[in-house]
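329 is the number that this note's numbering gives the last residue of the sequence shown; the numbers go up by one with no jumps. By construction, the Cβ of each residue, glycine as well, lies at the ideal position given by its N, Cα and C atoms.
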Amino acid sequence: MVNELAAAAMLHLLGGLVLATLVHQDASLRGHHRPLALAGGTLVLGVVGAVGYYATRERIGDLPDDVTHVRAPLGVRARDLFKGVLLIVGAFLCATAIVGLGANALVAAGVVDRGTLEFRVIASVLQFVGFGVGVGGYLAITRDWDLLQLRVPTLRTVGLIALGVVALVLAQLAIARLLTVLGISVAQNQVVVTGQQDPRYFLYMIPVAILLVGPFEELVFRGGVQGILRRTWGPGVAIVVASVLFGLVHWIALTGAGGSRVPYVTVAATLGLVLGYLYERSRNLVVPAVVHGLYNTVLFGAQYLSATGMG
19 MVNELAAAAM
29 LHLLGGLVLA
39 TLVHQDASLR
49 GHHRPLALAG
59 GTLVLGVVGA
69 VGYYATRERI
79 GDLPDDVTHV
89 RAPLGVRARD
99 LFKGVLLIVG
109 AFLCATAIVG
119 LGANALVAAG
129 VVDRGTLEFR
139 VIASVLQFVG
149 FGVGVGGYLA
159 ITRDWDLLQL
169 RVPTLRTVGL
179 IALGVVALVL
189 AQLAIARLLT
199 VLGISVAQNQ
209 VVVTGQQDPR
219 YFLYMIPVAI
229 LLVGPFEELV
239 FRGGVQGILR
249 RTWGPGVAIV
259 VASVLFGLVH
269 WIALTGAGGS
279 RVPYVTVAAT
289 LGLVLGYLYE
299 RSRNLVVPAV
309 VHGLYNTVLF
319 GAQYLSATGM
329 G
């Protein structure tokens, strides 16, 4: 056991040194004024992550087994994959219909004017309400209410939420820095573009993120898609597939050339892996929903400070 642990630790360290060397070389070639600091930061981040893992690996362990998971035939697994994709499509169709009908009704009633900041906020609210309606309709038709894994958070789940938010923010910072060093252009989300035009939008989106974005997106992707796939594909595959689909759906919300959208989608899918893992660890949708909402809150707060010149 000790020898296996030492070998794994050496491999982690070797991988970190290789990555740090590549970052240093790339930064030097691009004329960065502090290539050694970037390389050192990359190595330190990797070492801290590895030490944290090995210090807690006995308590973390493997993902919990799913008693409902069986080695299903390929056709059954394909059916569940189709159901997961269908759930996403249905949620987006409901969102589109509710945004169209609701926003037009409010404009016709003189409650809000089209093209204003308030209109965009209301459209965002209606969109995520539509996600909830779509999933609710799916559950009502299939009577698959077991997908709703909701419980009151315990002290352990509160700790998972705190760790999840920190992990997502650190991962976002590390990936953003790496993409900058590599000179990779990344598309922008339409929410960010709107907020840069009027920073008040970021403040409006903070409660929307906590109350709607986090809960309903997690309801679709973790509770719905991941929950469906877990039964016949197992938890590991369910996390990966749900995260890939989570990343892909962000494509339509981006501005920029197709090549610049790929890195954004990849980053979103990577962050989805963290949310999916948290869900499997807790089997409580409250955990990824709160983590997702708070993570978006941090991003919106940082964008607001940047747009107003305060940060």
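Q: List the endpoints of the continuous alpha helix (DSSP H) containing L237.
A: The residue given as residue 237 occupies position 219 in the sequence shown. Note, L237: premise wrong, no alpha helix (DSSP H); not H, not E.
(Q) Bridge partners for L273 per DSSP, in chain order? (A) In the sequence shown, the residue the question calls residue 273 occupies position 255. The sequence given here has Thr at residue 273, not Leu. Q206, per the DSSP bridge assignment.
Q: Following the continuous alpha helix (DSSP H) through V139, name the residue where it begins and the one where it ends.
A: For the purposes of this step, residue 139 is taken as the residue at position 121 of the sequence shown. From DSSP, the alpha helix (DSSP H) with V139 extends over L135 to T160.
Q. Looking at the unbroken alpha helix (DSSP H) that takes in D98, where does it start and where does it end?
A. Here the question's residue 98 lines up with position 80 in the sequence shown. L92 to A126 is the span of the alpha helix (DSSP H), which, as asked, contains D98.
Q. In or out: A205 buried (at least 16 other Cβ within 10 Å) or exposed?
A. For the purposes of this step, residue 205 is identified with residue 187 of the sequence shown, where counting begins at 1. The residue is buried, with at least 16 neighbouring Cβ atoms inside 10 Å.
Q: Please state if the CB of V258 and the CB of L186 are separated by a distance shorter than 8 Å.
A: Translated into the one-based positions of the sequence shown, residue 186 becomes position 168. Translated into the one-based positions of the sequence shown, residue 258 becomes position 240. Not closer than 8 Å, so no.
Q: List the endpoints of the continuous alpha helix (DSSP H) containing R169.
A: Looking up residue 169 in the sequence shown gives position 151. Note, R169: premise wrong, no alpha helix (DSSP H); not H, not E.
Q. Do G102 and F234 have their C-beta atoms within less than 8 Å of each other?
A. As a working mapping, residue 102 is identified with position 84 in the sequence shown. As a working mapping, residue 234 is identified with position 216 in the sequence shown. No, the Cβ-Cβ distance between G102 and F234 is not below 8 Å.
(Q) I need the straight-line Cα distance from A307 to V170, nearest angstrom please. (A) Taking the sequence shown and counting its residues from 1, the one referred to as residue 307 is at position 289. Taking the sequence shown and counting its residues from 1, the one referred to as residue 170 is at position 152. For A307 and V170, the distance between alpha carbons rounds to 13 Å.
Q | Pairwise C-alpha distance: G311 and R248 | A | Residue mapping note: residue 248 aligns to position 230 of the sequence shown, counting from 1. Residue mapping note: residue 311 aligns to position 293 of the sequence shown, counting from 1. Distance between the alpha carbons of R248 and G311 is about 24 Å.
Q) Taking the continuous alpha helix (DSSP H) assigned at M223, which residues delimit it? A) As a first step, residue 223 must be located in the sequence shown, where it is residue number 205. It spans R218 to V226 - the alpha helix (DSSP H) in which M223 sits, taken as one unbroken run.
Q) Buried or exposed: M223, going by 16 or more other Cβ atoms within 10 Å of its Cβ? A) Position 205 of the sequence shown, counted from the start, is the residue given in the question as residue 223. So M223 counts as buried.
Q: Identify the continuous alpha helix (DSSP H) that holds L263 and give its terminal residues.
A: On the sequence shown, position 245 is the one that residue 263 refers to. Residues P253 to L266.
(Q) Taking its Cβ as the centre, do 16 or more other Cβ atoms sit within 10 Å of I116, making it buried, or is it exposed? (A) Translated into the one-based positions of the sequence shown, residue 116 becomes position 98. It is buried - the Cβ of I116 has at least 16 other Cβ atoms within 10 Å.
Q. How long is the line joining the alpha carbons of G177 and S300, rounded to whole angstroms?
A. Within the sequence shown, residue 177 is the residue found at index 159, counting from 1. Within the sequence shown, residue 300 is the residue found at index 282, counting from 1. Computed Cα separation, rounded: 11 Å.
(Q) Please identify the residue among T273, G274, G294 and H268 whose C-alpha is closest to the C-alpha of T284. (A) Taking the sequence shown and counting its residues from 1, the one referred to as residue 284 is at position 266. Ranking the options by Cα distance to T284, first place goes to H268.
Q) Just how far apart, CA to CA, sit V62 and P281? A) As a first step, residue 62 is located in the sequence shown; it is residue number 44 there, counting from the start. As a first step, residue 281 is located in the sequence shown; it is residue number 263 there, counting from the start. Whole-angstrom Cα-Cα distance: 24 Å.
Q) Leaving out five residues before and five after V238 in sequence, what residues of the same chain have Cβ atoms less than 8 Å from its Cβ? A) Locating residue 238 in the sequence shown gives position 220, counting from the first residue. Hits under 8 Å: L105, I106, A109, F149, G152 and V153.
Q) Is the Cβ-Cβ distance between Q190 and A271 less than 8 Å? A) Locating residue 190 in the sequence shown gives position 172, where the first residue counts as 1. Locating residue 271 in the sequence shown gives position 253, where the first residue counts as 1. Taking 8 Å as the Cβ cut-off, Q190 and A271 do not qualify as a contacting pair.
Q. For T86, does the three-state DSSP call read helix, strand or coil?
A. Mapped onto the sequence shown, residue 86 falls at position 68. Note that T86 scores a pLDDT of 49, beneath 50, so its modelled location is shaky and nothing firm can be said.
Q: Classify D216 as buried or exposed, calling it buried when 16 or more other Cβ atoms lie within 10 Å of its own Cβ.
A: Translated into the one-based positions of the sequence shown, residue 216 becomes position 198. The residue is exposed, with fewer than 16 neighbouring Cβ atoms inside 10 Å.
Q | Separation of T114 from R97, as counted between CA atoms | A | On the sequence shown, residue 97 is found 79 positions in, with the first residue counted as 1. On the sequence shown, residue 114 is found 96 positions in, with the first residue counted as 1. Answer to the nearest angstrom: the Cα atoms are 25 Å apart.
Q: Assign V184 to one of two classes, buried (16 or more other C-beta atoms within 10 Å of its C-beta) or exposed (fewer than that).
A: Position 166 of the sequence shown, counted from the first residue, corresponds to residue 184. The residue is exposed, with fewer than 16 neighbouring Cβ atoms inside 10 Å.
Q: Assign N302 to one of two classes, buried (16 or more other C-beta atoms within 10 Å of its C-beta) or exposed (fewer than that).
A: Numbered from 1 along the sequence shown, position 284 holds the residue referred to as residue 302. N302 should be labelled buried.
Q: On a CA-only basis, which of F220, N314 and A158 is nearest L135? Give me that one, please.
A: If you number the sequence shown from 1, residue 135 lands on position 117. Considering only alpha carbons, the answer is F220.
Q | Cutoff 7 Å; reference D162; Cβ partners in own chain excluding five residues on either side | A | As a first step, residue 162 is located in the sequence shown; it is residue number 144 there, counting from the start. The answer is none, since no qualifying residue turns up.
Q) R174 to E298, Cα distance in whole Å? A) For this step, residue 174 is matched to residue 156 along the sequence shown. For this step, residue 298 is matched to residue 280 along the sequence shown. The straight-line gap from Cα to Cα measures roughly 14 Å.
Q: Would you mind sorting I202 into buried or exposed? The rule is 16 or more other CB atoms within 10 Å of its CB.
A: For the purposes of this step, residue 202 is taken as residue 184 along the sequence shown, with counting starting at 1. I202 is exposed by the Cβ-count criterion.
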